[in-house]
Amino acid sequence: MDTRRIIVALDFDTVDDAEAIVDRLGEAGQSYKVGLELLTIAGPTLATRLAGEGKDVFLDLKLFEIPTSVAGAVRAAGRLGATMVTVHAMGGSTIMEAAVRAAADFPHLRVIALTVVTSLTDTDLVAIGLSTTIEEQVIRLARLAQRAGCHGVVASPQGATLLRAELGPDMLIITPGVMLRAELAAGTTTEHARPAHPTAAIRAGATHIVVGRSLTRAPDPAAVLAHLAGELAELRTHN
Ligand code: C5P
């Protein structure tokens with residue numbers, strides 16, 4: 058499997074810490090997620106550098122704004138060289154369509170929709186006035202995203218199975234919430250409701266996995282990436 062499908066989340070509050078990981082991964086690190094924390098503290102410098110070096114840059118902007126502002130942010134992501142940008146499907150078809158139209162000027166840029174963030178529970182949905190379950194809401198928003206022309210969705214490992222069946226073979230499915238075998242065996246807790254191993258996510262229909270702390274906080278991040286890439290390549294051979 059192409060190592061570009063393993064997206065390393067650079068969730069750091071200094072550009073030095075993020076760059077240290079990028080440098081340690083070297084050639085093996087081909088895809089990075091830059092999110093709100095790093096962007097807010099450090100600006101787009103690192104994202105621009107990574108894109109300039111030919112890396113895939115998943116700019117996790119989680120856009121939820123008026124269509125004009127969403128389109129402007131997507132164009133800015135495209136100019137910066139990002140390959141993926143996220144928009145909240147909860148914002149509705151109009152903003153997703155605006156994002157997709159804005160991305161059309163940048164052939165490598167894919168618009169990825171977020172459905173329901175994994176920290177929300179059924180009770181939270183009731184509190185914001187939605188009388189539906191998380192699962193129904195995820196499917197509803199994913200369908201809306203597909204109709205709006207989005208290229209993919211973010212989904213948990215469990216959601217990936219459901220959405221691959223709902224959305225057909227062409228949509229990208231980006232899956233965070235993965236952990237390594239040793240962490241799963243040790244019952245390590247994070248905010249992931251039901252973590253799964255990256256191979257399980259890919260088997261479930263994910264096209265990409267997002268891996269953060271399991272790799273970036275490991276004593277040898279390059280070894281973790283090499284091991285993961287090996288396991289996923291193996292999976293490909295057997296599928
Ligand atoms: O937990 P980890 O460090 O691997 O998280 C990597 C990324 O996955 C984070 O940047 C976050 O955006 C995403 N994530 C998520 N849902 C969670 C936890 C993390 O979408 N419950």
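Note that the sequence shown covers residues 58 to 296 in our numbering.
We put the beta carbon where it would ideally sit given N, CA and C, even for glycine.
Would DSSP call residue 179 helix, strand or coil?
helix
Would you kindly work out how many angstroms separate the C-alpha atoms of residue 296 and residue 98, rounded to a whole number?
With a pLDDT of 48 at residue 296, under the threshold of 50, the predicted position of this residue should be treated as unreliable, though the coordinate-derived value follows. The straight-line gap from Cα to Cα measures roughly 42 Å.
For a test of your reading of the model: does the CB of residue 6 fall under 7 Å from any non-hydrogen atom of the ligand C5P? Yes or no.
Residue 6 lies beyond the residue range present for the chain, which begins at 58 and ends at 296; the question has no answer from this structure.
Is any non-hydrogen atom of the ligand C5P found closer than 7 Å to the C-beta of residue 88, if you look at the structure I gave you?
Answer for residue 88: no, Cβ out of range of the ligand C5P.
Kindly indicate the opening and closing residues of the alpha helix (DSSP H) around residue 150.
Run containing residue 150: 150 to 160, per the alpha helix (DSSP H) assignment.
Would you kindly work out how many angstroms separate the C-alpha atoms of residue 230 and residue 73, rounded to a whole number?
30 Å
Does DSSP classify residue 209 as helix, strand or coil?
strand
When you compare the segment 158 to 167 with the segment 131 to 147, are there three or more beta-carbon pairs, one atom per stretch, that lie closer than 8 Å?
yes
Among the residues of its own chain, which have a CB less than 8 Å from the CB of residue 150, if the five just before and after it don't count?
201, 204, 205
Given residue 217, which residues of its chain have a CB within under 7 Å of its CB, disregarding the five upstream and five downstream residues?
230, 232, 258, 261, 262, 263
Below 8 Å on the Cβ atoms is my guess for residue 89 versus residue 67; work out the distance and round it to an integer in Å.
5 Å
Taking buried to mean at least 16 other C-beta atoms within 10 Å of its own C-beta, is residue 176 buried or exposed?
When all chains shown are included, residue 176 counts as exposed.
Which of helix, strand or coil does DSSP assign to residue 296?
Only weak support is given to the placement of residue 296: the predicted model assigns it a pLDDT of 48, under 50, and the value that follows is read from those uncertain coordinates. Of the three classes helix, strand and coil, the one that applies to residue 296 here is coil, per DSSP.
Tell me the DSSP secondary structure of residue 88 in three-state form.
strand
For residue 173 versus residue 152, is the C-beta distance shorter than 8 Å?
no
Tell me which residue opens and which closes the alpha helix (DSSP H) that residue 74 is part of.
72 to 82
Measuring only the C-alpha atoms, how far is residue 160 from residue 101?
18 Å
Can you name, in chain order, every residue of its own chain whose Cβ lies under 8 Å from the Cβ of residue 286, other than the five neighbours on each side?
Result list for residue 286: 58, 60, 63, 85, in chain order.
What do you reckon, are the CB atoms on residue 234 and residue 253 nearer than 8 Å?
Between residue 234 and residue 253, the C-beta spacing is below 8 Å.
Who are residue 168's beta bridge partners in DSSP?
142
Once DSSP output is grouped into helix, strand and coil, what is the label at residue 232?
strand
Which first and last residues belong to the beta strand (DSSP E) in which residue 173 is found?
No beta strand (DSSP E) holds residue 173; DSSP gives it neither H nor E.
Give the straight-line distance between the Cα atoms of residue 212 and residue 268, rounded to the nearest whole angstrom.
So the alpha carbons of these two residues sit roughly 13 Å apart.
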